[in-house]
Structures are given as structure tokens and as C-alpha cells.
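Accompanying notes for the structure given below.
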Amino acid sequence: MRCPPSLSDTQYARHRSARLSYQNRYNSIKRTCGRRKIGKRDREIMEDRRQAELNGDIPEVINHIARKSSAMDPERTAQMAEDERFLNSECMELKRCISQNTDCDQLATWTRKIEASIEYYRSQAIAYIQTSSGAPKMQTIHAYRRKIAVLHEFLDLHRQGHDAFVLASAWGKTVYSGRSVKKTVFKRLYGF
Numbered sequence: 350m351r352c353p354p355s356l357s358d359t360q361y362a363r364h365r366s367a368r369l370s371y372q373n374r375y376n377s378i379k380r381t382c383g384r385r386k387i388g389k390r391d392r393e394i395m396e397d398r399r400q401a402e403l404n405g406d407i408p409e410v411i412n413h414i415a416r417k418s419s420a421m422d423p424e425r426t427a428q429m430a431e432d433e434r435f436l437n438s439e440c441m442e443l444k445r446c447i448s449q450n451t452d453c454d455q456l457a458t459w460t461r462k463i464e465a466s467i468e469y470y471r472s473q474a475i476a477y478i479q480t481s482s483g484a485p486k487m488q489t490i491h492a493y494r495r496k497i498a499v500l501h502e503f504l505d506l507h508r509q510g511h512d513a514f515v516l517a518s519a520w521g522k523t524v525y526s527g528r529s530v531k532k533t534v535f536k537r538l539y540g541f
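Under my numbering, residue 541 is the last one in the sequence shown; the count climbs by one each step, no gaps.
Structural data, given as C-alpha cells:
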């Protein structure tokens, strides 16, 4: 026969649920940077931003194709950075031109053009990998990967709305800002 729960059991249960709630909130704020070591200033910035996201002061920006680490991509060259700036300016210009033209379905047209660019770079990269004699140059493959990632994140962040691209760029959370490409996600999406 079971006894009714005592007063201490219910207090324990309340304390346990309050403690778990606190730990979940603490972990979502303090453990946002993963297991890598970062400086105190960078950690404070990340924690403040995460706190503001949880409070609803700023919208949460999700960029699956960029790595979480704030370190710059060590394989990124000056030419890759220049190509990324060009792609970004072309995307912004395309968005501006389409938004001024009110007689067509703006988002669909804009999306199709960027997806066509992604497919063009993807087909070029796969053709390069298949036709290169011996081992293909990893720097060339990485350049294609970064171009596709810049276009992908531009499209993905604009689909999120609420100026997600502007916020992610300002915080340096984009491939365009110099972060590394998350290769596991990229390979799942684009196959190389």
C-alpha cells in the first residue's frame, strides 16, 4: 500500500522543477558557443545577444550553413572574399530591382534567379571535380563551396524575414562575413 505524498515530497518536486527550469535557461544562454575556448569579451557579447534573443528583444537568427565558431575561415583567400563581395552586391542589386518592379511576383522571381546561380556554381564545381586529372585543387573546390554558401545563406536568411540577413551580417554570423562553411550541412545539401 502506498502512502500519500508527504509535504517534503511536494516541496522537493517544486524545487526540482524550478532548478531544472533555471538550468535550462542558464544552458541556453551560457553554453551557446559550444566547447571551444573563446575570449571573455566574445563570450560576453554572445551571452548578451542570446539573452536578448530569449527575452524577445531581438529576433533569433538561424544560419545552418555557417559554423558557430566566430573564428575566420583560415582557407579563405583575398580572391574568395572579393568574389563573395561581388555576389553579395549582385544579390542586393537584384533584390532592389525586383522590389521596385511591382507588376511581378517579386519573391518568386528573386528566388528563382538566386537558385539558378546556385545551380550554375554547383554544376561548375561538380564538372571541375569530375574532369580534373589527378586530385582536384582543394582551394578551387573551397572557392566554389563558399560562393554557393554565400548565395544559400542570402536566400535562407531573407526567407526568415525580420531583417535576419542584416542582423546576421552585423553580428558576423555569415559566411559572407568570413566564417567557415559547415561542411556536413553543405555536403548534405549540395553533394560535394
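Note that the Cβ used here is the ideal one computed from N, Cα and C, for glycine as well.
Bear in mind the structure is a predicted one, so any value in this text is a computation, not a measurement.
May I have the straight-line CA-CA distance separating G388 from M421, to the nearest angstrom? Looking at the two C-alpha atoms, the distance is approximately 15 Å.
Just verifying my parser: in three-state terms, what is the DSSP assignment at V515? Secondary structure of V515 (DSSP, three-state): helix.
Enclosing alpha helix (DSSP H) for D432 [first to last residue]: Residues 427-449.
For R495, which of A367, K417, K532, M395 has the nearest alpha-carbon? Per the Cα distances, K532.
Do the CB positions of E502 and N412 come within less than 7 Å of each other? Contact flag set, yes.
Answer yes if the region 400-410 comes into contact with the region 507-518, meaning at least three C-beta pairs across the two stretches below 8 Å, and no otherwise. A contact exists between the region 507-518 and the region 400-410.
Could you check where the alpha helix (DSSP H) with E402 kicks off and where it finishes? First-last of the alpha helix (DSSP H) with E402: 389-404.
Residue from G527, Y539, R392, L456 whose Cα sits closest to the Cα of A415: Of the candidates G527, Y539, R392, L456, the one whose C-alpha sits nearest the C-alpha of A415 is G527.
Going by C-alpha to C-alpha distance, which of E396, L369, Q372 sits closest to K379? Considering only alpha carbons, the answer is E396.
Which one of A492, A401, C440 has the shortest CA to CA distance from I463? Taking I463 as reference, the option from A492, A401, C440 with the minimal CA-CA separation is C440.
Please classify R374 as buried or exposed, where buried requires at least 16 other C-beta atoms within 10 Å of its C-beta. Burial call: exposed.
Can you check the region 457-511 for any alpha helix (DSSP H) of at least 4 residues that lies completely inside it and give the ranges in chain order? If one requires a minimum length of 4 residues, the alpha helix (DSSP H) runs lying completely within the region 457-511 are 487-509, in chain order.
Given that a residue counts as buried once 16 or more other Cβ atoms are within 10 Å of its Cβ, and exposed if not, what is M429? Classification for M429: buried.
Sheet register partners of R363 (DSSP bridge): Answer is none; R363 lacks a bridge partner.
Using only alpha-carbon positions, find the residue among E424, S377, D505, P423 that is nearest to A401. Answer by Cα proximity: S377.
When we look at the beta-carbon of S466 and count the other beta-carbons within 10 Å, is it buried (16 or more) or exposed? When all chains shown are included, S466 counts as buried.
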